[in-house]
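In the working numbering, the protein residues as written are 232 to 783.
Ideal Cβ placement from N, Cα and C applies to all residues, glycine included.
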């Protein structure tokens, strides 16, 4: 355990005693205890089909756990955790309220017997492998090949971007370069500023000089897309000859980086819990010398302030929703501009009767990600800031509201960021492939049917260019505009509900503190004095814990 993690773990029994003594919400304490005990961050392994990801994992584990020769259409993401007892669990969905779980056998895992968990499922594997014990805070996730389907791109972002500390990009030495699907994926990762470790697999199949040349080329290619900050390092490995030492050292570095994520997520939440407890004790100490009459006035004023807050929240929500048409226009214009910028490429694919779905969907997805980050996130963050400033002073605590899309897999390791949450929510609510594929397929089918007679190549290209510009792109943009408009409204509704919920939770905690104080005021002077001594002692204990945790 990290020093802070160990300190929290050691203090949990006394903290639980205080939690029960002062009747704070039990679910808050339970969350802290569970998050502290089970904290892990994901490290997804991504790459083209047959890049050697599964072989690399098997070599790392020292056993043939994962099937190497797989059908990309039936493969599922497989997450590997360390645990003293082995178990394998199949999940039907990443969405918590839609997920069902059933145990899997090793044979089912090795046979890729995943029919019951298709199409949106994933697999969780807990092993007592020594190598996994070396990385207690990491969860390795072997993801389907990026070129198996565009949906693999979507899942690798939607289901992992907020929960992952770094991505491991596996490139086979047979390829030695970035394919277009991998480039497209890295472009999307770059928008999220996600760190990337590059692994050259099957390194035993090439001389060292060739591997060095491949590493140099990949370094330039990846750096051009990601920039200096997100590029971690490049290492070589081989699953066939179990040459994984450099990969293991790279994972050591990622494990070391996970401590800061722990501080940002679990550590901050632990301090928030102490702040709630400190506020309760401060009220009970009654330093403002409230009597029964003053206490009633305090409660009445707080109720009035909460009513005013709720009215302000509704007013601010109406105001921010009024800005959404402008946000929508900006996002739509960005997407349309990107599509028109690919006119020649799209026209060539139409004239050649190639599938446009992948190209158009990926362009729309990347442009939408940029649009949500640039246009929507600042508007929503300003909205959250204004709403939080309207909170009654009495229930303000030294931590800000957090927004996580409801219905998603709760994950204590997710670093809450408004930008990341909004983008992930938007892309999940607007499944680009499912929305655009039918219309694109129909439009291209009409074109091919109409112009199937032989024509001069230049005439074909010109007609294809006109078809893309005047038919395909406008039709796609109608679908994009309608769906994005709904997504933007749903975003604000989700944020509003979360803000209202968290404010109500704080209000209830403060009300309970005042109720406890009222009970104290009804006791005799001697009992009140004894209680005050206990409150003072407990407050000092909480403040000492806070000071200690902050210093670690």
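Beta-carbon proximity of residue i to residue j, cut-off 7 angstroms
i	j	result
residue 598	residue 566	yes
residue 427	residue 396	no
residue 468	residue 372	no
residue 593	residue 415	yes
residue 514	residue 316	no
residue 653	residue 697	no
residue 470	residue 263	no
residue 319	residue 356	yes
residue 368	residue 242	no
residue 423	residue 752	no
residue 547	residue 617	yes
residue 445	residue 456	no
residue 377	residue 279	yes
residue 551	residue 606	no
residue 449	residue 429	yes
residue 770	residue 555	no
residue 322	residue 314	no
residue 749	residue 526	yes
Reduced DSSP secondary structure (H/G/I, E/B, other) of residue i
i	result
residue 317	coil
residue 296	coil
residue 344	coil
residue 469	strand
residue 579	helix
residue 450	helix
residue 368	coil
residue 698	helix
residue 591	helix
residue 234	helix
residue 331	coil
residue 615	helix
residue 374	coil
residue 241	helix
residue 392	coil
residue 406	coil
residue 263	helix
residue 461	coil
residue 309	strand
residue 585	coil
Of the listed residues the options, nearest to residue i (C-alpha basis)
i	options	result
residue 775	711, 280, 506	506
residue 562	299, 716, 544	716
residue 289	504, 479, 497	479
residue 326	347, 353, 476, 726	353
residue 374	234, 706, 621, 284	284
residue 536	313, 742, 291	742
residue 474	491, 292, 493	292
residue 236	493, 407, 440	493
residue 310	245, 252, 521, 387	387
residue 581	542, 498, 693	693
residue 613	726, 707, 584	726
residue 443	589, 407, 713	407
residue 542	730, 246, 560	730
residue 250	275, 763, 435, 508	508
Residue range of the unbroken alpha helix (DSSP H) whose run includes residue i
i	result
residue 559	555–572
residue 710	704–752
residue 354	Residue 354 -> not in any alpha helix (DSSP H); beta strand (DSSP E) instead, spanning 353–358.
residue 422	411–422
residue 758	756–782
residue 483	476–493
residue 506	499–516
Residue span of the beta strand (DSSP E) that contains residue i, given as start and end
i	result
residue 621	No beta strand (DSSP E) contains residue 621, which DSSP labels as neither H nor E.
residue 403	398–403
residue 626	Looking at the DSSP string, residue 626 is not in any beta strand (DSSP E), and its letter there is neither H nor E.
residue 276	272–278
residue 428	427–432
Buried versus exposed call for residue i [16 or more other C-beta atoms within 10 Å across all chains shown]
i	result
residue 538	exposed
residue 266	buried
residue 220	The structure shown has nothing for residue 220, since the chain only spans 232 to 783.
residue 549	exposed
residue 740	buried
residue 630	Low per-residue confidence applies at residue 630: pLDDT is 48, beneath 50, and the placement is therefore not dependable, though the value from the model is reported in the following sentence. Burial call: exposed.
residue 433	buried
residue 297	buried
residue 701	exposed
residue 600	buried
residue 248	exposed
residue 790	Since the first residue of the chain shown is 232 and the last is 783, residue 790 is not available in this structure.
Cutoff 7 angstroms: residue i Cβ touching any chain B Cβ
i	result
residue 717	No chain B is part of this structure, which consists of one protein chain only.
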